[in-house]
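Engineer:
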Amino acid sequence: MALLSRPPFSRFGPAPALRTALIAGSLVAVAALAAKYAADRWARRPAPRLLEAGDFATTARSLNRFVVSASHIAQSKAQDNAVFALAEHLIEAHKTTEADFDDAIVSEALWMSARVLTPEHEAQLDHLRHASLQDFDTAYIEAMIAAHKAAVGAFAVYARSGESGDLKTLAGQVVSLWQDHLDRLRTNTVIPASSDQKAN
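Counted the way our numbering counts, the sequence shown spans residues 32 to 231.
1. Please confirm if the segment 194–201 is in contact with the segment 129–146, defined as three or more CB-CB distances below 8 Å between the two stretches.
2. Which same chain residues end up closer than 7 Å to Ala174 when comparing Cβ atoms and leaving out the 5 residues on each side of it in sequence?
3. Quick one: Cα of His103 to Cα of Leu121, how far?
4. State the start and end residues of the unbroken alpha helix (DSSP H) segment that holds Ser102.
5. Which first and last residues belong to the alpha helix (DSSP H) in which Arg160 is found?
6. Just checking my contact of His212 with His179 at CB under 8 Å: how many whole Å lie between their CB atoms?
7. Which word fits Asn231, buried or exposed, when buried means at least 16 other C-beta atoms lie within 10 angstroms of its C-beta?
8. Asp296: which of Phe132, Phe97, Asn112 sits nearest, CA to CA?
9. Flag this pair as touching only if the segment 126–134 and the segment 180–189 have three or more C-beta atom pairs under 8 Å; answer yes or no.
10. Nearest by alpha-carbon distance to Asp134: which of Asp214, Arg92, Glu194, Arg191 is it?
11. For Ile172 and Leu216, which I take to be in contact (beta-carbon distance under 8 Å), what is that distance rounded to the nearest angstrom?
12. State the Cα-Cα distance for the pair Asp166 and Glu194, rounded to the nearest angstrom.
13. Alpha carbons only, please: which of Ala105, Ala145, Gln204, Phe97 is nearest the one belonging to Ala177?
14. Three-state secondary structure (DSSP) at Arg217?
15. From Ser192, Gly203, Glu119, pick the residue whose C-alpha is nearest to that of Val99; which is it?
16. Just how far apart, CA to CA, sit Gly9 and Ala130?
Structure below.
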């Protein structure tokens, strides 16, 4: 008499081979559901928000104008020749970028406030105007480092995530200028009121 094969199910549960197959099938089903859930979540994820041109233009105008205006103050108050030379260089460089940004703003037909400087930059300029001659060079260098650091961050972000247009293109082009100035400011620390003072 032929031996009967063991039934797939018994009072002890499924046979080992069938139990393995059931577990594997369950794992595949769970993985498929997880993948579908992740895909659905990604599809529903909102698109990255583009930075608005008007907001960036306000920041860019104020930063450029602040550097130029502060450097004009430095031309009359700097005590160190190196600070005086730095101010001349920054005026020349940032008056050019300021004009370029004005052109880009016009080309994108952006409405801009007649007030160029932000209240924060206005306050910083006022601080430089009233700084003593002894303290001016240090205050000016610190202000320039802070402004250039802020500009590098703002320009890099807008070049990457801003609205397409002339402003975005220009931001990508001039961020290296701000970074170069920042590197120089950080590595060439000026000691105020040195023996090598600006000639009268």
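We treat Cβ as the ideally placed atom computed from N, Cα and C, and that holds for glycine.
Structural biologist: According to the data block:
1. yes
2. Ala101, Gln155, Leu159
3. 9 Å
4. 84–108
5. 150–161
6. 5 Å
7. Because Asn231 sits at a pLDDT of 44, beneath the cut-off of 50, its placement in the model cannot be relied upon, and the following sentence gives the value as read from the coordinates. Exposed, because fewer than 16 other Cβ atoms sit within 10 Å of the Cβ of Asn231.
8. Any question about residue 296 goes unanswered here, given that the chain covers just 32 to 231.
9. no
10. Arg92
11. 6 Å
12. 41 Å
13. Phe97
14. helix
15. Glu119
16. Coverage of the chain is limited to positions 32 through 231, which leaves residue 9 absent and any answer about it impossible.
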